[in-house]
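Below is one structure; the comments refer to it alone.
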Amino acid sequence: MIENLNPTMVNWARAQFALTAMYHWIFVPLTLGITWIIAFYHTIYVKTGSEEWKNLTRFWMKLFAINFAIGVATGIIMEFEFGTNWSNYSWMVGDIFGAPLAIEGIAAFFLEATFFAVMFFGWDRVSKRFHLFSTWMVAIGSNLSAVWILVANAWMQHPVGQAFNPDTARFEMHNFSDVVFNPIAVSKFTHTTSAAMLFAALFIISISSFYLLKGRHIKMAKRSIVVAAVLGLLASGFVGFTGDEAAYEAARQQPMKLAAFEGLYQGKKNAGLVAFGMINSGKEVGDDQDPFHFEIRVPGLLSMLANRKFGSFVPGINDLVYGNAEYGIMGANEKMAKGKIAIAQLDAYKKLKRAGDETGAAAALSIFNNNKDYLGYGFLTRPEEAVPPVGLSFNAFHIMVVLGTIFPLVFLAFLYFSYKDTLVEQKWLLGGGTIMFFLGLAAHQAGWVVAEVGRQPWAIQDLLPVTVARSNLTTGTVQTTFFMFLILFTILLIAEVSIMLKQISIGPEEN
Amino acid sequence: MIAPMIEKQSSRTFAGRVCGFYINGFRRMTVGKTLWKVIIIKLIIMFGVLKLFFFQDFLGTRFSTDQQRADYVLEQITAPVQVQAALQQGGGL
Numbered sequence: 000m001i002e003n004l005n006p007t008m009v010n011w012a013r014a015q016f017a018l019t020a021m022y023h024w025i026f027v028p029l030t031l032g033i034t035w036i037i038a039f040y041h042t043i044y045v046k047t048g049s050e051e052w053k054n055l056t057r058f059w060m061k062l063f064a065i066n067f068a069i070g071v072a073t074g075i076i077m078e079f080e081f082g083t084n085w086s087n088y089s090w091m092v093g094d095i096f097g098a099p100l101a102i103e104g105i106a107a108f109f110l111e112a113t114f115f116a117v118m119f120f121g122w123d124r125v126s127k128r129f130h131l132f133s134t135w136m137v138a139i140g141s142n143l144s145a146v147w148i149l150v151a152n153a154w155m156q157h158p159v160g161q162a163f164n165p166d167t168a169r170f171e172m173h174n175f176s177d178v179v180f181n182p183i184a185v186s187k188f189t190h191t192t193s194a195a196m197l198f199a200a201l202f203i204i205s206i207s208s209f210y211l212l213k214g215r216h217i218k219m220a221k222r223s224i225v226v227a228a229v230l231g232l233l234a235s236g237f238v239g240f241t242g243d244e245a246a247y248e249a250a251r252q253q254p255m256k257l258a259a260f261e262g263l264y265q266g267k268k269n270a271g272l273v274a275f276g277m278i279n280s281g282k283e284v285g286d287d288q289d290p291f292h293f294e295i296r297v298p299g300l301l302s303m304l305a306n307r308k309f310g311s312f313v314p315g316i317n318d319l320v321y322g323n324a325e326y327g328i329m330g331a332n333e334k335m336a337k338g339k340i341a342i343a344q345l346d347a348y349k350k351l352k353r354a355g356d357e358t359g360a361a362a363a364l365s366i367f368n369n370n371k372d373y374l375g376y377g378f379l380t381r382p383e384e385a386v387p388p389v390g391l392s393f394n395a396f397h398i399m400v401v402l403g404t405i406f407p408l409v410f411l412a413f414l415y416f417s418y419k420d421t422l423v424e425q426k427w428l429l430g431g432g433t434i435m436f437f438l439g440l441a442a443h444q445a446g447w448v449v450a451e452v453g454r455q456p457w458a459i460q461d462l463l464p465v466t467v468a469r470s471n472l473t474t475g476t477v478q479t480t481f482f483m484f485l486i487l488f489t490i491l492l493i494a495e496v497s498i499m500l501k502q503i504s505i506g507p508e509e510n
Numbered sequence: 000m001i002a003p004m005i006e007k008q009s010s011r012t013f014a015g016r017v018c019g020f021y022i023n024g025f026r027r028m029t030v031g032k033t034l035w036k037v038i039i040i041k042l043i044i045m046f047g048v049l050k051l052f053f054f055q056d057f058l059g060t061r062f063s064t065d066q067q068r069a070d071y072v073l074e075q076i077t078a079p080v081q082v083q084a085a086l087q088q089g090g091g092l
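Chains as they are written, first to last, in numbering that gives the first Met the number 0: chain X, 0 to 510; chain E, 0 to 92.
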């Protein structure tokens, strides 16, 4: 059956997954982030008893509900895809993903059935304190439910706490705590949730700026901006801090990803971080071309980011592909040899066990275990296949970082003019503010690309490439469902945008 | 848990008050009604059409036992020679 494998099918399946995940990723960060900001608005209302703050809170809750309703269940499609397009992968990780995803599902159900309902239906019907408690629980619960999906994703990037069972062909969980407290999971969760709050702050600033430009709901818009800008500014600092942590962890666990998103082909000491540059898309691993048409580097900063030490060595793509004896780096070519031994011994183990040769099977298993950490490399045909798309990774990373640097300045500007009480007069800032939501969305999507494209070719880091994770389907089958999703998602997006625009046009209830 | 917090509107039982809370909440919805329609249509398309006709479980529909599924996946991952040949034929990724 495997001889029917078609790499075009793999690419269509990847494109379909990217389409689904990136569509899902429009709604999720806004849901995660705006719940916190709404909780703050609601708290101010309960503290002050002001009807204006109540109307403001209800307005943002309504927009949150629209976003939530359109986004809900779009993630389920990814689970469909796992079972259909990625059946080998799905089978192999079932034991690891079962627990976190089940916890997420149960937590989400109870959260949505209780606190969501109280938050939306509870105005004047439950005590103010319990209502506020429910709003905070929605914020906490939504973000906690994100923990589990990020734990699952982090495991794919750094598969800890597991052991491969050669009889069932499954990675089995051996240490739940290692899986949950995987350093990649911790940095992913903190970075994702803080970036979500930043994004939600930009969403609020965009709509509020629009109102101020139109001269509508001025008091409500100004109040919304002040709280959102303060929280957005705090979130920006946290995003920078956790982003640094994420890069540090990538340097430990996924050095190829770090090298790719910095376009670093040749490893060096005191490596500089590219502040601005245009990558040479014609550059191939191992050739003599310059990786950049031009670039401006901050000396030593990449070494600091990767190792927390100026002057330290950061391996480049060439070091990781061909090895670097001076720094004790094993190349992909050497790992491929070990991976092929692992596959051959797994095959031998399976056949010897079926033949009843327990001694031979045990010997084969022992050799497999000595080489199993490189299992995935055994499926590569050339060491250069271990390199992710460098241009895409580099551009996505730098778009994310540049936008992430601009956002706190925007929040500061809004706060400054709010303090001066001249915000309404700053048409240039309000004009810029209206597009901030789209820039935030671009930064978020770029972040997804950095995380997921940067780890290619792996479905599970070092253990399973995407080419082996797939199902044996025809390209036409996957193409059909790709276009069905494209149409469905476009319709849903149009539905959301029109419902959202209608509510924005109506605005908050006025006293 | 919710019961003591809900304002006493009547002498109904706990279950009655909770049900009333939800029923009244749904009745009072404005935008929510449109959103529920979107959610229901979406779920029908996802589960009634996509899942049923286009996204069947690849291993689940082809094999009846976990042992068969495990054997199949093992065959898939221990046949790198065939994988490589197929990849080279198709021009790589």
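Using N, Cα and C, we set each Cβ at its ideal position, and we do this for glycine too.
For residue i and chain X, any beta-carbon pair shorter than 8 Å?
| i | result |
| --- | --- |
| E:K93 | Any question about residue 93 of chain E goes unanswered here, given that chain E covers just 0 to 92. |
| E:Q67 | no |
| E:I43 | no |
| E:F54 | yes |
| E:G47 | no |
| E:T12 | no |
| E:F57 | yes |
| E:L51 | no |
| E:F62 | no |
| E:I39 | no |
| E:G24 | yes |
Under 8 Å by Cβ, that's how I've got residue i and residue j pegged, so tell me the actual separation to the nearest angstrom.
| i | j | result |
| --- | --- | --- |
| X:I36 | X:A220 | About 14 Å separates the two Cβ atoms, so there is no contact after all. |
| X:N269 | X:G310 | 5 Å |
| X:F291 | X:G262 | 7 Å |
| X:Q15 | X:F484 | 6 Å |
| X:P456 | X:A363 | Not quite, the Cβ-Cβ distance comes to about 27 Å (not below 8 Å), so this is no contact. |
| X:L472 | X:N87 | Not a contact, Cβ separation roughly 12 Å. |
| X:G377 | X:M196 | Actually they are not in contact, since the Cβ atoms of X:G377 and X:M196 sit about 43 Å apart, beyond 8 Å. |
| X:F170 | X:Q156 | Not a contact, Cβ separation roughly 14 Å. |
| X:K371 | X:F129 | So it is not a contact: roughly 53 Å between Cβ atoms. |
Drop a sphere of 10 angstroms on the beta-carbon of residue i, count the other beta-carbons inside from all chains shown, and report buried for 16 or more, exposed for fewer.
| i | result |
| --- | --- |
| X:A360 | buried |
| X:I342 | buried |
| E:K32 | exposed |
| X:G512 | This structure leaves residue 512 of chain X out entirely; chain X is present only between 0 and 510. |
| X:S392 | buried |
| X:N66 | buried |
| X:H173 | exposed |
| X:R193 | The amino acid occupying residue 193 of chain X in the given sequence is Ser; Arg does not appear at that position. Burial call: buried. |
| X:S208 | buried |
| X:R469 | buried |
| X:E103 | buried |
| X:V496 | exposed |
So, does the CB of residue i fall closer than 8 Å to a CB anywhere in chain E?
| i | result |
| --- | --- |
| X:I498 | yes |
| X:W90 | yes |
| X:N87 | yes |
| X:L100 | no |
| X:R124 | yes |
| X:I75 | yes |
| X:F120 | yes |
| X:D346 | yes |
| X:G430 | no |
| X:G403 | no |
| X:L487 | yes |
| X:F437 | no |
| X:S392 | no |
| X:Q502 | yes |
| X:A250 | no |
Apart from the five residues just before and just after residue i, which ones in its own chain have a Cβ nearer than 8 Å to its Cβ?
| i | result |
| --- | --- |
| X:Y40 | W52, L55, T56, W59, S223, V226 |
Give every residue of the same chain whose Cβ lies closer than 7 Å to the Cβ of residue i, excluding the five residues on either side of it in the sequence, and list them in chain order.
| i | result |
| --- | --- |
| X:G390 | I278, S280 |
| X:E80 | Q15, F16, T19 |
| X:L491 | I69 |
In its own chain, which residues sit with a C-beta less than 6 Å from the C-beta of residue i, not counting the 5 before and 5 after it?
| i | result |
| --- | --- |
| X:Q344 | A363, I366, F367 |
| X:V45 | K127, L131 |
Under 7 Å between beta-carbons, which chain B residues line up against residue i? List them in chain order, please.
| i | result |
| --- | --- |
| X:A168 | In summary, chain B is missing from the structure at hand, where the protein chains are X and E. |
Discussion item. Extract the residue ranges of the alpha helix (DSSP H) inside the stretch 219-254 of chain X, only unbroken runs of 4 or more that lie entirely within it.
Written reply: none
Worksheet item: Whole alpha helix (DSSP H) runs in the stretch 440-465 of chain X with 4 or more residues, listed along the chain?
Response: none
Worksheet entry | Runs of beta strand (DSSP E) lying entirely within the stretch 309-373 of chain X, each at least 3 residues, in chain order | none
Discussion item. To test your reading of the DSSP string, which unbroken alpha helix (DSSP H) runs of 4 or more residues are found completely within the stretch 460-508 of chain X?
Written reply: 465-468, 474-505
Worksheet item: In chain order, which alpha helix (DSSP H) runs of at least 4 residues are fully inside the stretch 251-276 of chain X?
Response: 254-260
Practice prompt. Write down every uninterrupted run of the alpha helix (DSSP H) in the stretch 383-431 of chain X whose length is 4 residues or greater and which is fully enclosed by it, in chain order.
Written response: 389-418
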